[in-house]
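For what it's worth, the numbering used here labels the leading residue of the sequence shown as -5, then goes sequentially.
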Amino acid sequence: MAKEETIDTMVLGAGGGGYPAAFRLAGAGRSVVMADPIGNLGGDCLAEGCVPSKTVREASLARTWPEKYPLFGLRGTKPEIDWRRVLAHKDRVQNLRYAQHRAQIEASTLVFLKGQARILDDQKVEVTTDHGDLLRYHAKQIIVATGSRPHILPIPGAELAVTSHHFFRLGADLPFPRRLVAIGGGYIGLETASMLQNLGAEATVLEATGQILPGVDPEIARFLHEALARRLRILVDAKVTAIERGAAGDLLVRYERAGEATSIAADCVLMATGREPVVPEGMSNLGFATGEKIAVDDRLRTKHAHIYAPGDINGRSMLFHSAVYQSLVAADDILSEGRGNKTVDFQSVPFTVFTEPEVAWVGQTEAEAARENLATVASTYSYRTDTRAQIFDEDGFLKLVFDKKTGSLIGAQIAGIEAAQLIAPLALAVRSGTTAETLSYMAFPHPMISEGINHAARAVGL
Ligand SMILES: Cc1cc2nc3c(=O)[nH]c(=O)nc-3n(C[C@H](O)[C@H](O)[C@H](O)COP(=O)(O)OP(=O)(O)OC[C@H]3O[C@@H](n4cnc5c(N)ncnc54)[C@H](O)[C@@H]3O)c2cc1C
Ligand SMILES: NC(=O)c1ccc[n+]([C@@H]2O[C@H](COP(=O)([O-])OP(=O)(O)OC[C@H]3O[C@@H](n4cnc5c(N)ncnc54)[C@H](O)[C@@H]3O)[C@@H](O)[C@H]2O)c1
């Protein structure tokens, strides 16, 4: 029988949804235990997501610089890739961050366990540690931040495909895919196809719906589709039905398009068809359905007010920075005993797709606002008129959407270079209700694309 200890808060999962709350609560003097089988912080974002994928992407970007050489009057050839070393650099960055996180754990008062946790009842959690110990905790609050895992299509041959885990995990040893087929034209399919093509692969993206990035502003999706189609093969309305091993040892991806069954050969097939929540064992005892997202309010409270579920597990915005924000709001709710004023403003969480070109957005589009009968004024700044974009000969656009009545920024959509950086001040503007007037009568640096924010705001004349 495991010994039971009484603590303030138990945290399941040490990713972006878990550790910020754990540290905040421990820093405030609460007794906190956090468990994660990875044995370190960062969750999937560091283990096989954001950090490693963006490290490989930087290698891919560096390789494309020579494509601009003639524009700048330079001569030089495109570098060859050494895939093993690209992956070694990725591992180095992951290990650097793990070392940094280890120091944070050591400097903290929280108890961190390398192990798997399961829910016994609405106040009891059991952890099986890596050493086989069974530890039981009675906690006043439980934070369930166990994240998500790749959704594997239930199709014949699905086991022949790899997921982002195989590409980006620490110590990944996949051979460089000369012919990649990505199933799914969402974030992971597009980002991975884009970076691997930049590194020398032939890449095809098969998307089941009629638009890449389904649900995203069609203007952004259209721009990105056209730009990527110059280097990648992108097929929409292409529903993958099976994967087979071909006679020559390669893989055959079968899909249906316009009522016709067809196939494409590959030496690597990436399954990038969304992510599903990882619901810890025992949650069903508390009335949560296994395999389903956990519903939360804007303070991350589940239907049991003392059980919180920040991050990917609630599916509201499956992004690292959103998970961190949610985690901190959950901690604030605990510390303030539900009387604090912190809630998550999901409207101001920015989204970015790290393809080349990048796209990013925050808040509402004109169409979304119209559906809510909100009168808006919008303004689009073309990269073609922007000094920095002209220096790079890059196309793109930055669109700002304002509430006509109040003049406040309610949304922004960007497609083109530096979109991921540019969206941050716009997220702040959405969050704080900054008006077109304020954005007009202030100055962002010249000659940087951010001055487009000033131009677009001035153009609406509010
Ligand atoms: C390839 C890829 C690229 C991405 N790129 C980006 C990006 O560029 N920017 C961005 O913002 N987001 C990106 N994301 C999304 C981002 O990784 C997630 O949104 C983020 O990791 C969510 O954090 P989380 O804490 O909710 O979940 P996770 O990071 O999944 O962490 C959950 C943790 O819970 C642990 N756990 C699971 N079960 C248990 C249990 N029973 N007991 C204890 N612990 C448990 C897991 O080991 C894991 O460490 C990417 C994701 C992928 C897959
Ligand atoms: N830059 C970032 O912030 C970033 C990067 C990577 C991942 N992420 C997060 O991870 C999540 C998961 O990414 P993802 O790309 O796996 O999921 P996704 O939901 O973005 O895209 C999955 C795509 O697969 C398609 N699909 C489903 N079944 C199919 C079939 N049979 N044939 C062809 N296509 C099919 C869907 O229509 C969809 O477009 C994202 O939603 C995002 O929250 C974020």
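For every residue, glycine included, the Cβ atom is placed at its ideal position computed from N, Cα and C.
Quantities reported herein were computed from a predicted structural model and do not represent experimental measurements.
Where residue i falls: helix, strand or coil (DSSP)
i	result
residue 145	coil
residue 272	coil
residue 106	strand
residue 405	strand
residue 132	strand
residue 115	strand
residue 313	coil
residue 2	strand
residue 333	coil
residue 120	strand
residue 432	helix
residue 456	coil
residue 8	coil
residue 80	helix
residue 254	strand
residue 245	strand
residue 260	strand
residue 138	strand
Contact with chain C by residue i, beta-carbon distance below 8 Å
i	result
residue 25	Of the protein chains in this structure there is only one, and it is not chain C.
Beta-carbon contacts of residue i that lie in its chain and below 8 Å, excluding the five residues immediately before and after
i	result
residue 284	273, 277 and 278
residue 70	60 and 63
residue 436	448
residue 322	14, 15, 18 and 336
Closer than 7 Å: residue i CB and nearest ligand 1 heavy atom
i	result
residue 413	no
residue 44	yes
residue 258	no
residue 336	no
residue 142	yes
residue 170	no
residue 91	no
residue 272	yes
Chain-order list of residues whose beta-carbon lies under 6 Å from that of residue i (same chain, five-residue window excluded)
i	result
residue 329	22
residue 183	176, 199 and 266
residue 164	85 and 88
residue 99	106
residue 373	394, 450, 453 and 454
residue 92	34
Check: residue i C-beta below 7 Å from any heavy atom of ligand 2
i	result
residue 202	yes
residue 190	no
residue 51	no
residue 340	no
residue 181	yes
residue 312	yes
residue 177	yes
residue 233	yes
residue 268	yes
residue 208	yes
Close Cβ partners of residue i (< 7 Å) along its chain, the five nearest in sequence each way excluded
i	result
residue 141	7, 9, 11, 37, 38, 272, 305, 306 and 307
residue 151	236, 237 and 238
residue 146	152 and 265
Whole beta strand (DSSP E) elements within the stretch 338 to 396, 3-residue minimum: 345 to 347, 353 to 357 and 370 to 376
Cβ contact check for the stretch 250 to 259 and the stretch 269 to 282: 3 or more pairs under 8 Å: no
The stretch 81 to 90 touching the stretch 34 to 51, judged by at least three CB pairs closer than 8 Å: yes
Inter-stretch contact at 8 Å, needing at least 3 Cβ pairs: the stretch 336 to 345 / the stretch 163 to 175: Because the criterion of three Cβ pairs below 8 Å is not met, the stretch 336 to 345 and the stretch 163 to 175 do not touch.
Contact the stretch 118 to 128 vs the stretch 203 to 211: 3+ CB pairs below 8 Å: A contact between stretches requires three or more CB pairs, one per stretch, nearer than 8 Å, and the stretch 118 to 128 fails this requirement with the stretch 203 to 211.
Continuous beta strand (DSSP E) assignments of at least 3 residues falling wholly in the stretch 158 to 238: 173 to 177, 196 to 200 and 227 to 229
Inside the stretch 25 to 77 only - beta strand (DSSP E) runs reaching at least 3 residues: Runs of the beta strand (DSSP E) inside the stretch 25 to 77: 26 to 30.
Touching by the beta-carbon criterion (3+ pairs, under 8 Å), the stretch 386 to 395 and the stretch 228 to 248: no
contact_flag[the stretch 186 to 196, the stretch 220 to 229] where n(CB pairs < 8 Å) is 3 or more: yes
Inter-stretch contact (C-beta, 8 Å, three-pair minimum) for the stretch 306 to 320 and the stretch 144 to 161: no
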